[in-house]
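The numbering of the sequence shown is this note's numbering, which starts it at 1 and goes up by one. For every residue, glycine included, the Cβ atom is placed at its ideal position computed from N, Cα and C. These numbers come from a predicted model, not from an experiment. Quick notes on the structure that follows.
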Amino acid sequence: MKVLVVGGGGREHALIRKIKESPKVDSIACCPGNGGISYDAECYPVSAIDIDGVVNLAKEIKADFVVVAPDDPLVAGMVDALNDAGFATFGPKANAAIIEGSKVFSKDLMLKYNIPTAEYKVFDKADDVISYLKEKNEFPAVIKADGLALGKGVIIPETLEEAVAGVKEIMEDKIFGASGNNVVVEEFLTGPEVSVLAFTDGKCVKPMVSSMDHKRALDGDKGLNTGGMGTVSPNPYYTDEVAKECMEKIFIPTIEAMNKEGRTFKGCLYFGLMITPKGPKVIEYNCRFGDPETQVVLPRLKTDIMDIFEAINTETLCDLDIQWDDRACTCVIMASGGYPKSYPKGLEISGLENGQLDGVTVYHAGTAIKDGKLVTSGGRVLGVTALGDTLEDALKKSYDAVDKIKFENAHYRKDIGQKALKAVN
Ligand code: AMP
Ligand code: GLY
């Protein structure tokens, strides 16, 4: 088979590495890919959001299967367009991807089908949000832009002044464009967060092993929100008991709700959960693999990923037994100094050979090859990933490797996995 993967970050690199293990696969293409991905797949300079461009590329290279990884093309209907052109795909259609594309949709769905989540109210005018927050006078408050916002559409103001400023930016200055036409104001929940990615074909839902993201830029969960600075799997807060409760109250009801709405979800559904004192609740749904969750979940997958993708495509996932490695996996993100704000690009990366280093897997997120040299080209640059018999072992391997990889002003968190370790010990 020839498989085309749409996207160009660390998540896509992790997908490609796993697809490469499949005996069914002869070659992998990626668009646009990146410097590190080019060691594992043929990269084509077609943007991941260019639907016509991707359909044409799939035709040109005669792809047998297309995996659409990022949120924006899924929400915009890339899978629909590929299916219409006759391609087998992995990823939800637009009418199901809306579960991530609109927070108003997902909150209303959860309310209608009694799926546990934070209480909420929807607003379409900045003044109304501000009056509501004033009247309620409970902080921190949680304010979310309705649409996609590069993972930055959630603000958690501690004061009314902060809230007013944030609402104005989203609803009046439109820093996220039309995504800010509506906002959701939510109850502030507390408790450890767990990410659970799940395979589903609409008939069956098969959760993958759990993981924990580290969203803030700095140690101790300080600093700005980022796309994710590191992950560990498994997540110790996701006990068997919690898993069972999630299956009964969240996973199955969500799949059934989407079916009832005529929006069958086929692909990877990401459940962002908070384990509150009142039980697990949904913080967010994503219509795709998480980044950098994928980087710690897929290395633990033992089953051929193409078997899973094909089973979802043919709606036979119930018949497939999916096997996982018991070992722990950790990913430490090395980012450009300045990320998530502005940062330089084009800095030479040393310490890697053909993009890799012995003993770990280096997933490339923001790298390019320039004049034969590997250089930085994005905010998150590398995800240094290791498997270990224990979480400590895996973390030591990841961090030992991080010490050997250099680029000017590299920034990484020193405390990835520490919260998980505390929960275990
Ligand atoms: P999201 O983009 O929806 O994942 O939100 C980003 C982060 O904001 C989450 O990972 C949580 O840490 C936090 N968050 C979102 N919703 C809530 C909530 N209702 N209560 C507390 N924290 C929240
Ligand atoms: N790591 C969070 C996400 O992929 O949305």
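Check, Outcome
"Identified DSSP bridge partners for M110", "M110 pairs with nothing; no bridge assigned."
"Beta carbon nearer than 7 Å to a non-hydrogen atom of the ligand AMP", "A118, V142, K144, G151, G153, V154, I156, E186, E187, F188, L189, T190, E193, K215, N225, G272, M274, I283 and E284"
"Cutoff 8 Å; reference M433; Cβ partners in own chain excluding five residues on either side", "Any question about residue 433 goes unanswered here, given that the chain covers just 1 to 425."
"Rounded straight-line distance, which links the Cα of I130 to that of V164", "6 Å"
"Under 8 Å between C-beta atoms of I308 and F199", "yes"
"Own chain, CB closer than 6 Å to I255, minus 5 neighbours either side, in chain order", "T200 and V205"
"CA-to-CA distance, G220 to M229, given in whole angstroms", "12 Å"
"Beta-carbon proximity list for E42, same chain, < 6 Å, skipping 5 on both sides", "A29"
"The region 377-390 touching the region 49-68, judged by at least three CB pairs closer than 8 Å", "no"
"Contact test: G230 Cβ vs the ligand GLY heavy atom, cutoff 7 Å", "no"
"Beta bridge counterpart(s) of V332 as assigned by DSSP", "G230 and V384"
"Check whether V296 and T385 have beta carbons under 8 Å apart", "yes"
"Cβ separation of V67 and A94, assumed to be a contact under 8 Å, to the nearest whole Å", "Not a contact, Cβ separation roughly 17 Å."
"Alpha helix (DSSP H) segment containing Y399, residue limits", "L391 to K404"
"Closest by C-alpha distance to A48, when choosing among I37, D146, V5 and L15", "V5"
"N235 CB to nearest heavy atom of the ligand GLY below 7 Å", "no"
"For R11, the first and last residue of its enclosing alpha helix (DSSP H)", "G10 to K20"
"Contact check, N372 vs Y39, beta carbons under 8 Å", "At residue 372 the sequence reads Gly, which differs from the Asn that was named. Result no, Cβ atoms of G372 and Y39 do not sit closer than 8 Å."
"Local conformation of M258 per DSSP, three classes", "helix"
"Identity of the residues DSSP links to V205 by a beta bridge", "T200"
"The region 100-116 / the region 277-297 touching (three or more Cβ pairs under 8 Å)", "yes"
"CB contact flag (V375, I349, <8 Å)", "yes"
"Residue span of the beta strand (DSSP E) that contains T361, given as start and end", "T361 to H364"
"Alpha carbon of I369 to alpha carbon of I37, nearest angstrom", "10 Å"
"Three-state secondary structure assigned by DSSP to T276", "strand"
"Residues sharing a beta bridge with S27, DSSP", "K2"
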